[in-house]
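Participant: Chains D and F, in that order, give the protein sequences.
With this note's numbering applied, the first sequence covers 1 to 112.
With this note's numbering applied, the second sequence covers 1001 to 1112.
All residues carry an ideal CB built from backbone N, CA and C; glycine is no exception.
This one's a predicted model, so the numbers in the text were calculated from it and none came from an experiment.
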Amino acid sequence: DVKVTQSSRYLVKRTGEKVFLECVQDMDHENMFWYRQDPGLGLRLIYFSYDVKMKEKGDIPEGYSVSREKKERFSLILESASTNQTSMYLCASRRGHDTEAFFGQGTRLTVV
Amino acid sequence: AQSVSQHNHHVILSEAASLELGCNYSYGGTVNLFWYVQYPGQHLQLLLKYFSGDPLVKGIKGFEAEFIKSKFSFNLRKPSVQWSDTAEYFCAVKTNAGKSTFGDGTTLTVKP
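1) Taking beta-carbon pairs under 8 Å, can you tell me which members of the segment 1054-1072 of chain F lie near chain D?
2) Report all residues from its chain with a CB closer than 8 Å to the CB of D/Arg14; omit the five preceding and five following residues, and keep chain order.
3) For F/Val1037, tell me which candidate among F/Thr1095, F/Lys1111 and F/Gly1103 has the shortest Cα-Cα distance.
4) State the CB to CB distance for the pair F/Lys1099 and D/Phe48, rounded to an integer number of angstroms; the pair is presumed to be in contact (CB under 8 Å).
5) Identify each residue in the segment 16-49 of chain D for which the Cβ-Cβ distance to at least one residue of chain F is less than 8 Å, and report them in chain order.
6) Does any residue of chain D have a CB that is nearer than 7 Å to the CB of F/Lys1049?
7) Can you tell me which residues form a DSSP beta bridge with D/Asp38?
8) Under 6 Å Cβ to Cβ from F/Gly1059, same chain only, skipping five residues before and after it: list those, please.
9) Near F/Gly1062, what residues of its chain come up, given a Cβ to Cβ distance below 8 Å and the 5 sequence neighbours on each side ignored?
10) Since D/Met27 is in the beta strand (DSSP E), which residue starts that stretch and which ends it?
11) Should F/Asn1096 be counted as a contact of the ligand GTP given a C-beta to heavy atom distance under 6 Å?
12) Taking 7 Å as the threshold (beta carbon to beta carbon), is D/Phe103 in contact with chain F?
13) Taking 8 Å as the cut-off, does the segment 33-40 of chain D touch the segment 84-95 of chain D (at least 3 CB pairs, one atom from each stretch)?
14) Does any residue of chain F bring its CB to less than 7 Å from the CB of D/Glu79?
15) Can you tell me which of the three DSSP states F/Gln1082 falls into?
16) When we look at the beta-carbon of F/Trp1083 and count the other beta-carbons within 10 Å, is it buried (16 or more) or exposed?
17) Please go through the same chain and pick out, in chain order, the residues whose beta-carbon is closer than 6 Å to the beta-carbon of D/Leu21, but skip the five residues on each side of it.
18) Report the CB separation of F/Phe1034 from F/Ala1087 in whole angstroms; it is logged as a contact under 8 Å.
19) Just to confirm the assignment, what range does the beta strand (DSSP E) spanning F/Thr1095 have?
20) In angstroms, rounded to a whole number, what distance separates the CA positions of F/Asn1008 and F/Ile1068?
21) Find the residues of chain F that neighbour D/Glu100, judging by a C-beta separation of less than 7 Å, and give them in chain order.
22) Would you kindly check if the distance between the Cβ of D/Val24 and the Cβ of D/Glu72 is under 7 Å?
23) Hey, how far is the Cα of F/Thr1115 from the Cα of D/Asp51?
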């Protein structure tokens, strides 16, 4: 059973703080993704990674960066959190190109 | 760039009613198509997928979807909904480049 674990369910951070969201998957998947989910906007891709130390920008990368030092872990970094980054953040992983994605429980981040 | 359009943002049905949720995408090449479901308080999970072959695909819990290539559509159907189908439903399209694009989501409320 694939498990994608996000380190926090809820986070509250102050404007300007550096924020780390961690995601770990236990099925040796090559591909990992970070999305944000906002009401009425669905899921929007922030960054994705096809392999260790590789990263690609998604549709809304501004204000975010990522790190993939190990295959199982994909971190999303908010260099200087802003209130418009208040959202639900979803991590996903996928084995290859021709499979479905498996999602974590999500991290609800509030920036005050 | 590919895009996904879900026609209804909120659908309200009574139990035993039939369901059809629309999904259209814009991309001229080969696609993989997915429907994901998010039950209240739970993570996103796969409902069904289409990669190739029979354009009518069956998923879990009695759901099915039909891929109509000429219409760029992948509508989700269920003949008789249950209260437990109350959830948010997302259509997603993945192209050969590997990136998935999600629709805005449709919230289904089933009244008992």
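Facilitator: Per the coordinate set shown:
1) Answer set for the segment 1054-1072 of chain F: empty.
2) Answer for D/Arg14: Ala81, Val111 and Val112, listed in chain order.
3) The option with the nearest alpha carbon to F/Val1037 is F/Gly1103.
4) Indeed, because the Cβ distance is near 7 Å, the residues count as touching under 8 Å.
5) Against chain F - using a Cβ distance shorter than 8 Å - the residues of the segment 16-49 of chain D are Asn31, Phe33, Tyr35, Gly40, Leu41, Gly42, Leu43, Arg44, Leu45 and Phe48.
6) With 7 Å as the cut-off, F/Lys1049 counts as an interface residue toward chain D.
7) The beta-bridge partner set that DSSP reports for D/Asp38 consists of D/Gly42.
8) Leu1047 and Leu1048.
9) A distance below 8 Å between beta-carbons, with the five flanking residues on each side excluded, links F/Gly1062 to the following residues of its chain, in chain order: Lys1078, Pro1079 and Ser1080.
10) No beta strand (DSSP E) holds D/Met27; DSSP gives it neither H nor E.
11) No copy of the ligand GTP appears in this structure; indeed no ligand is present at all.
12) Answer yes: the Cβ-Cβ gap between D/Phe103 and chain F drops below 7 Å somewhere.
13) Short answer: they touch.
14) No, because no Cβ of chain F sits closer than 7 Å to the Cβ of D/Glu79.
15) DSSP places F/Gln1082 in coil when its eight states are reduced to three.
16) Classification for F/Trp1083: exposed.
17) Result list for D/Leu21: Leu76, Tyr89 and Thr107, in chain order.
18) In this structure F/Phe1034 does not touch F/Ala1087 by the C-beta definition: roughly 15 Å separates them, more than the 8 Å allowed.
19) The continuous beta strand (DSSP E) containing F/Thr1095 extends over residues Ala1087 to Thr1095.
20) Distance between the alpha carbons of F/Asn1008 and F/Ile1068 is about 19 Å.
21) Per Cβ cutoff of 7 Å: Phe1034, Leu1046 and Lys1049.
22) Yes, the Cβ-Cβ distance between D/Glu72 and D/Val24 is below 7 Å.
23) Chain F is shown only over 1001 to 1112; residue 1115 of chain F falls outside these bounds and no answer can be derived.
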